[in-house]
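Participant: Take the position in the sequence shown, starting the count at 1, then add 2; the result is the number in the numbering used here.
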Amino acid sequence: MKSESQQSEIKNKIRKWWDDPSQDYDGFVGHGVNSEVEKELWRNGIAQLLGHKQNLKILDIGTGTGFLALLLAEMGYGITAVDWSMTMMQKAKEKAKAAQIPVQFEVQDAENLTFPDASFDAVVSRHVLWTLADPFRASKEWARVIKPGGIVIADIPRQGSNSGMHHYGDEIGKKLPLGNGADPDEIIGMFKEAGLTNLNLKLLEKQGEQHRKTLIIYGEKI
């Protein structure tokens, strides 16, 4: 287990990488969603998992440039979106302003949220788990901030994806617990230990060149 100082060092280096204004996150293969077909895939997938309920308060963790936050806000949900990169969040804010979509943005750490217990009906997270220095701590935080009966929805990093080293280099990538992806059963176990039940997997099929097959985990808080 890494010490607090080691984890802090890793997190600071990762934050610095995402804060680099030269990074074109939306242009990365698999990250940007640039077609209505792909948006509809996510829109329908999440709506099904949320049971097509309305008037939900949803927290988008690691919002990046705001794809999920804006998509869900367009669907009528009340969205709070957090990220620890000021640069990324600024891009998300600009998108929301241009589209006149209401989203509350806050700079926060996915592993140390400041929201009170049971603040949201759902947590969603896309392309975040593999970036975390302590994903188990994050999973407990995500479970903490949802209400009883609430749901966590997150994508699972592909096993053998090597995303950590691809983005951050060997020094940091090898230190990330999920930097090389994970067996889905491992992620299910992590969220179960964090307090979620009824954990299941859902596959979003590949659509277009920029979108990979995506495996979603979702679970409920009793």
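Glycine residues also receive a C-beta, built at the ideal position from the N, C-alpha and C atoms.
Would DSSP call Ile81 helix, strand or coil?
Facilitator: Working through the sequence shown from its first residue, we reach residue 81 at position 79. Correct three-state label for Ile81: strand.
Participant: So the candidates are Lys194, Leu70, Ile60 and Val130; which of them puts its Cα closest to the Cα of Glu113?
Facilitator: Position 111 of the sequence shown, counted from the start, is the residue given in the question as residue 113. When only C-alpha atoms are compared, the closest one is Val130.
Participant: What ranges does the beta strand (DSSP E) occupy inside the region 65-142, keeping only unbroken runs of at least 3 residues that lie completely in it?
Facilitator: 80-85, 106-109 and 122-127
Participant: Check whether the region 131-145 touches the region 103-119, counting contact only when three or more Cβ pairs, one atom from each stretch, lie closer than 8 Å.
Facilitator: yes
Participant: With a threshold of 7 Å on Cβ separation, who are the neighbours of Gln110 within its own chain once the five nearest residues in sequence on each side are excluded?
Facilitator: Taking the first residue of the sequence shown as position 1, residue 110 is located at position 108. If we look at Gln110 and ignore the five residues flanking it on each side, its Cβ neighbours are Val84, Trp86 and Thr116.
Participant: Near Lys215, which residues of its chain fall below 8 Å by C-beta distance, leaving aside the five closest residues on each side in sequence?
Facilitator: Position 213 of the sequence shown, counted from the first residue, corresponds to residue 215. Within the same chain, Lys215 has close Cβ partners Leu205, Leu206, Glu207 and Lys208.
Participant: According to the neighbour-count rule (16 or more other Cβ atoms, all chains shown, within 10 Å of its Cβ), is Ile224 buried or exposed?
Facilitator: For this step, residue 224 is matched to residue 222 along the sequence shown. Its Cβ having fewer than 16 others within 10 Å, Ile224 is exposed.
Participant: Give me the Cα-Cα distance between Gln56 and Gly80, rounded to the nearest whole angstrom.
Facilitator: The residue you call residue 56 lines up with position 54 of the sequence shown. The residue you call residue 80 lines up with position 78 of the sequence shown. Rounded to whole angstroms, Gln56 to Gly80 spans 9 Å at the Cα level.
Participant: With respect to 7 Å, is the separation between the Cβ of Val39 and the closest non-hydrogen atom of the ligand SAH below this value?
Facilitator: The ligand SAH is not part of the structure shown, which contains no ligands of any sort.
Participant: Give me the Cα-Cα distance between Glu40 and Leu58, rounded to the nearest whole angstrom.
Facilitator: If you number the sequence shown from 1, residue 40 lands on position 38. If you number the sequence shown from 1, residue 58 lands on position 56. Approximately 23 Å between the Cα atoms of the pair.
Participant: Beta-carbon within less than 7 Å of Met136's beta-carbon, same chain only, minus the 5 sequence neighbours each way: which residues are those?
Facilitator: Against the sequence shown, residue 136 aligns to sequence position 134. Looking at the sequence itself, residue 136 is Asp, so the reference to Met does not match. Closer than 7 Å at Cβ, skipping near neighbours: Gln9 and Glu113.
Participant: Are there 16 or more other CB atoms within 10 angstroms of the CB of Ala184, so buried, or fewer, so exposed?
Facilitator: Residue numbering aside, residue 184 sits at position 182 when the sequence shown is read from its first letter. It is buried - the Cβ of Ala184 has at least 16 other Cβ atoms within 10 Å.
Participant: In this structure, does DSSP put Lys204 in helix, strand or coil?
Facilitator: Indexing the sequence shown from 1 puts residue 204 at position 202. Three-state result, Lys204: strand.
Participant: Is it right to say Thr82 is buried, meaning 16 or more other beta carbons lie within 10 angstroms of its own, or is it exposed?
Facilitator: To locate residue 82, count along the sequence shown from 1; it is residue 80. In the assembly as shown, Thr82 is a buried residue. Its beta-carbon has 16 or more other beta-carbons within 10 Å.
Participant: Met192 to Lys93, Cα distance in whole Å?
Facilitator: Against the sequence shown, residue 192 aligns to sequence position 190. Against the sequence shown, residue 93 aligns to sequence position 91. For Met192 and Lys93, the distance between alpha carbons rounds to 32 Å.
Participant: Could you say which of Arg128, Leu134 and Ile60 lies nearest to Arg17 if we only look at CA atoms?
Facilitator: Within the sequence shown, the letter at position 15 stands for residue 17. Ranking Arg128, Leu134 and Ile60 by Cα distance to Arg17 puts Leu134 first.
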